[in-house]
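Asks: Residue numbering for the sequence shown follows the numbering used here, starting at 3 and increasing by one per position. From the three backbone atoms N, C-alpha and C, an ideal C-beta is built for every residue, glycine too.
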Amino acid sequence: MDMMFEKNKKWELMCCKKRIGACGSCKKKTLAFVSAKYYNDNKAFKYSNNHIRMCPLSFTRSNKEVMIGMTMLHELVHMSSGAGDKGYTKRECFNNARNDPEMARMNSAAYVYFAMEGGFNKSEYEKYSGGLSIMNEGCKDTGHGCFLYAKNGCNKNLAR
Numbered sequence: 003m004d005m006m007f008e009k010n011k012k013w014e015l016m017c018c019k020k021r022i023g024a025c026g027s028c029k030k031k032t033l034a035f036v037s038a039k040y041y042n043d044n045k046a047f048k049y050s051n052n053h054i055r056m057c058p059l060s061f062t063r064s065n066k067e068v069m070i071g072m073t074m075l076h077e078l079v080h081m082s083s084g085a086g087d088k089g090y091t092k093r094e095c096f097n098n099a100r101n102d103p104e105m106a107r108m109n110s111a112a113y114v115y116f117a118m119e120g121g122f123n124k125s126e127y128e129k130y131s132g133g134l135s136i137m138n139e140g141c142k143d144t145g146h147g148c149f150l151y152a153k154n155g156c157n158k159n160l161a162r
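In structure tokens form, the structure reads like this:
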């Protein structure tokens, strides 16, 4: 991150405003991407290359230093695991966890929200993650059944 914002840059963006070559994937909503391919038809073996392509949109967002860091983490999760894109927003990640926890664990964005929650205080987390609180402050897992507890809307009768 320090390298990305230094005055005398020793790097170049791999993507440009013209979206040529591999950067043709930079659409109006794309922040960054990594290329990947699968070694067989059932997608059991995935290969991701080691280039993160940053699209121009990443550098025009507010709080770009924080947002680029979160974007980089998202792309690094793709590169270092089999995680794909199964939803980007906090609500999509929450609904994935509630409805299909196994699939939710294979979503790159979920790891970013997890890191944000552990690394930011509450106000920063809500600011940088879209300002939406999924659950109220009274929702907590006191019986080690977090999935069932959240699935049932934090019903206090399920707390133990």
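(1) Terminal residues of the continuous alpha helix (DSSP H) containing Ala106?
(2) Assuming His53 is part of the alpha helix (DSSP H), what are its boundary residues?
(3) Just the C-alpha distance for Glu104 and Lys9, rounded to the nearest angstrom, thanks.
(4) Can you find a heavy atom of the ligand GTP that lies under 6 Å from the Cβ of Thr91?
(5) Count Cβ pairs between the region 55-63 and the region 91-98 that sit closer than 8 Å; are there 3 or more?
(6) For Asn109, is the classification buried or exposed, using 16 other Cβ atoms within 10 angstroms of its Cβ as the cut-off for buried?
(7) Candidates Leu75, Phe35 and Arg100: which alpha carbon is nearest Gly121's?
(8) Find the nearest neighbour of Cys95 within the set Ser131, Ala106 and Gly86, judged by alpha-carbon distance.
(9) Kindly indicate the opening and closing residues of the alpha helix (DSSP H) around Val114.
(10) Can you list, in chain order, the residues of its chain with a C-beta nearer than 6 Å to that of Arg63? Leave out the 5 residues immediately preceding and following it.
(11) For Tyr127 and Gly84, what's the separation of their Cα atoms in angstroms?
(12) Three-state secondary structure (DSSP) at Ala34?
(13) Please report the distance separating the alpha-carbon of Leu160 from that of Asn65.
(14) Give me the Cα-Cα distance between Ser60 and Asn101, rounded to the nearest whole angstrom.
(15) Give the single residue among Phe116, Lys124 and Ser82 whose Cα lies nearest to the Cα of Met72.
Replies: Based on what the coordinates show:
(1) Pro103 to Ala106
(2) It is not in any alpha helix (DSSP H) - His53 carries neither H nor E in the DSSP assignment.
(3) 44 Å
(4) Absence of the ligand GTP from the depicted structure is noted, as is the absence of any ligand whatsoever, leaving it without description.
(5) no
(6) buried
(7) Leu75
(8) Ala106
(9) Ser110 to Gly121
(10) Met69
(11) 26 Å
(12) strand
(13) Reliability of the predicted coordinates at Leu160 is poor, the pLDDT of 44 falling under 50, and the value obtained from them is presented with this limitation in mind. Leu160 and Asn65: Cα-Cα distance of roughly 39 Å.
(14) 31 Å
(15) Phe116
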